[in-house]
Amino acid sequence: MWLRAAARAAGAGAGAGAGGSRSASGAAAAQLRRRLEGELEGIRGAGTWKSERVIASPQGPHLRLAGGGGAGILNFCANNYLGLSSHPQVIRAAVRALEEFGAGLSSVRFICGTQSIHKDLEEKIARFHQREDAILYASCFDANAGIFEALLTPEDAVLSDELNHASIIDGIRLCKANKYRYKHMDMQDLEAKLQDAQKHRLRLVATDGAFSMDGDIAPLREICQLAQKYDALVFIDECHATGFLGPNGRGTDELLGVMDKVTIINSTLGKALGGAAGGYTTGPKPLIDLLRQRSRPYLFSNSLPPAVVGCASKALDLLMESNAIAQSMAAKTQRFRSKMTAAGFTISGKDHPICPVMLGDARLAAVMAEDMLSRGIYVIGFSYPVVPKGKARIRVQISAVHSDEDIDRCVEAFTEVGRKHGALP
Numbered sequence: 054m055w056l057r058a059a060a061r062a063a064g065a066g067a068g069a070g071a072g073g074s075r076s077a078s079g080a081a082a083a084q085l086r087r088r089l090e091g092e093l094e095g096i097r098g099a100g101t102w103k104s105e106r107v108i109a110s111p112q113g114p115h116l117r118l119a120g121g122g123g124a125g126i127l128n129f130c131a132n133n134y135l136g137l138s139s140h141p142q143v144i145r146a147a148v149r150a151l152e153e154f155g156a157g158l159s160s161v162r163f164i165c166g167t168q169s170i171h172k173d174l175e176e177k178i179a180r181f182h183q184r185e186d187a188i189l190y191a192s193c194f195d196a197n198a199g200i201f202e203a204l205l206t207p208e209d210a211v212l213s214d215e216l217n218h219a220s221i222i223d224g225i226r227l228c229k230a231n232k233y234r235y236k237h238m239d240m241q242d243l244e245a246k247l248q249d250a251q252k253h254r255l256r257l258v259a260t261d262g263a264f265s266m267d268g269d270i271a272p273l274r275e276i277c278q279l280a281q282k283y284d285a286l287v288f289i290d291e292c293h294a295t296g297f298l299g300p301n302g303r304g305t306d307e308l309l310g311v312m313d314k315v316t317i318i319n320s321t322l323g324k325a326l327g328g329a330a331g332g333y334t335t336g337p338k339p340l341i342d343l344l345r346q347r348s349r350p351y352l353f354s355n356s357l358p359p360a361v362v363g364c365a366s367k368a369l370d371l372l373m374e375s376n377a378i379a380q381s382m383a384a385k386t387q388r389f390r391s392k393m394t395a396a397g398f399t400i401s402g403k404d405h406p407i408c409p410v411m412l413g414d415a416r417l418a419a420v421m422a423e424d425m426l427s428r429g430i431y432v433i434g435f436s437y438p439v440v441p442k443g444k445a446r447i448r449v450q451i452s453a454v455h456s457d458e459d460i461d462r463c464v465e466a467f468t469e470v471g472r473k474h475g476a477l478p
């Protein structure tokens, strides 16, 4: 009886208080809604609205879109570089891990969230990159958010390429180190910044290995030479390199012959290595041990789900068994780039399966992407704020599972649509 009475009294009090509160918050909510709708209308008006197409099939070179999108849509905009997102062995590995280890750990790693498969995958990642140890994260965004704050202090300095990925930029913002930004791949500017940073205890050069919006590859040889000259460390984000750049797919440091000169690598399991989720840091064991103690995204995020671990582990097995998949990328990339250039398009970057078709105008990029879809080619236009103003493009991504016929069909569609909209003469 007394519980029911207390509940009624509490409810009455809460209702009275909530009435006044609802009135105030209602006005505030209405004001917020008006402001947000104005901002959204501005995005639409600028032609930079980003729609999400809904896929009703597994990720792969051919897709089926929901809502009557039909079948047989050619997919040229996924990070599925090696075609492993729907590889039968990768899927079976995920199912086995799900059945043996469950759906998830409902916990962070240091409480009760570390399983044997997590440790096995970390060991495999370190072996793949020929490093001492590795640590798993929910994403590479988390890995980048967690490393700079844990490693660098106000006595240190970090020197970052101006076009580094947003996750590197955000990670650097979180740390208290002295921050330098050098011009994109400009070694003279980097050297000047390194000279100025000599007054700091530790200097860390941070760069993407391959830049995702432009398809260009960092000059790691020159960066490592400058780092050696000025006693600095080198950090690279390899999300758009791991699995397919270099003779064995180990990334830009292998491609450019500087594996022994790069101190820290962050990368992802969510692109070439199975395409599900997850990221990692690999490097010196004391660094990895420190991250387990101090890296906030690691300490306060749930463990990577077993199915994701199973996917990535099998993807690494396939890569380490044979470099054939990784090597198949080069010819396909060259075929697309050369044919598009011959058609009259400007393709940014060099020798990377990210092939940005530079158009300049945001509306043109959006309209051409829609027209490409009507011709059965799934691509996406990129514009500000994802890329700088005036640098809009359609980013095409080549996969190992694209056939020569797929690539030729994509080029033909681009040529038709480019002529229709005045992007080609």
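Numbers 54 to 478, taken from my numbering, label the letters of the sequence shown in order.
Just so you know, even glycine gets a beta-carbon here, dropped at the ideal spot from N, CA and C.
In this text the structure is predicted, and so the values were computed from the model without any measurement.
Nearest-angstrom Cα distance between residue i and residue j?
i, j, result
"T394", "D209", "45 Å"
"H237", "F163", "39 Å"
"N319", "H405", "19 Å"
"V107", "G120", "8 Å"
"S348", "S160", "16 Å"
"S366", "L372", "10 Å"
"D269", "A82", "45 Å"
"G336", "L352", "19 Å"
"N197", "A422", "31 Å"
"S76", "L93", "Confidence at S76 is low in this model, with a pLDDT of 46, below 50, so its placement is unreliable and the value that follows should be read with caution. Their Cα atoms are separated by approximately 26 Å."
"G402", "K473", "25 Å"
"S138", "A329", "7 Å"
"L174", "A368", "11 Å"
"D461", "Q142", "29 Å"
"H455", "P114", "6 Å"
"P359", "I170", "7 Å"
"Q84", "K103", "24 Å"
"A286", "C193", "First, the amino acid is wrong: residue 286 is Leu here, not Ala. C-alpha separation (whole angstroms): 20 Å."
"G125", "V439", "29 Å"
"S74", "L127", "Reliability of the predicted coordinates at S74 is poor, the pLDDT of 45 falling under 50, and the value obtained from them is presented with this limitation in mind. Taking the straight line joining both Cα atoms gives about 53 Å."
Using a Cβ-Cβ cutoff of less than 6 Å, which residues in the same chain neighbour residue i once the five nearest sequence positions on both sides are dropped?
i, result
"N132", "K324"
"E291", "G262, G304, I318, S320"
"A415", "G100, T101, S436, A445"
"H253", "D209, A210, N231"
"S34", "Absent from the model: residue 34. The displayed extent of the chain is 54 to 478, so no value can be given."
"M382", "F297, P406, A453"
"A80", "none"
"A396", "T468"
"A280", "V258, V287"
Check each candidate in the options and name the one with the smallest Cα separation from residue i.
i, options, result
"A146", "V361, S159, V432, T167", "V361"
"G434", "V420, R462, E275", "V420"
"V258", "E152, L309, M240, D414", "M240"
"G363", "A285, R97, E152", "E152"
"T260", "H218, M382, T295", "H218"
"V410", "L89, I225, M266", "M266"
"A377", "A187, R97, L135, G95", "L135"
"T399", "S375, V449, E374, P359", "V449"
"L426", "R86, F129, G98", "F129"
"L412", "I430, P438, T334, K442", "K442"
"K229", "T206, G299, H293, K172", "T206"
"A475", "L127, D459, L417", "Strictly speaking, residue 475 in this sequence is Gly, with Ala absent from that position. When each option's Cα is compared against that of G475, the closest is L417."
Short of 8 Å in beta carbon distance, which residues of its chain neighbour residue i, apart from the five on each side in sequence? Order them along the chain.
i, result
"E469", "R428"
"T386", "D404, H405, P406, C408, I451"
"D242", "Y235, K236"
"G157", "N355, S356, P358, P359"
"Y283", "E244, L247, Q248, A250, Q251, R256"
"D195", "G332, P350, Y351, S354"
"G310", "R274"
"A271", "D214, M238, T260, D261, G262, A263, F264, I289, T305"
"L277", "Looking at the sequence itself, residue 277 is Cys, so the reference to Leu does not match. Only V287, V311, K314, V315 meet the Cβ criterion."
"Y233", "A210, V211, L212, S213, K246, D249, A250"
Give me the DSSP bridge partner(s) of residue i.
i, result
"D186", "G336"
"V161", "N355"
"N128", "Y431"
"R448", "P409, I433"
"V321", "Note on residue identity: the sequence assigns Thr, not Val, to residue 321. Partner(s): G332."
"R117", "DSSP, once it has assigned bridges, lists no residue as partnering R117."
"S213", "R234, A259"
"L288", "Going by the sequence as given, residue 288 is Phe instead of Leu. According to DSSP, which records beta bridges pairwise, F288 is partnered with A259, I317."
"I178", "DSSP lists no partner for I178."
"I108", "L118"
"I400", "V410"
"I270", "A263"
Using a Cβ-Cβ cutoff of less than 7 Å, which residues in the same chain neighbour residue i once the five nearest sequence positions on both sides are dropped?
i, result
"S110", "L116, R117"
"F264", "L216"
"I188", "E175, Y333, T334, I341, L344, R345, Y351"
Please report whether the beta-carbon of residue i lies at a distance below 7 Å from any beta-carbon of chain D.
i, result
"A330", "Any reference to chain D falls outside this structure, which holds one protein chain only."
Say the cut is 6 Å; is the CB of residue i nearer than that to a heavy atom of the ligand PLP?
i, result
"N132", "Although the ligand PLP was asked about, the structure shown includes no ligands whatsoever."
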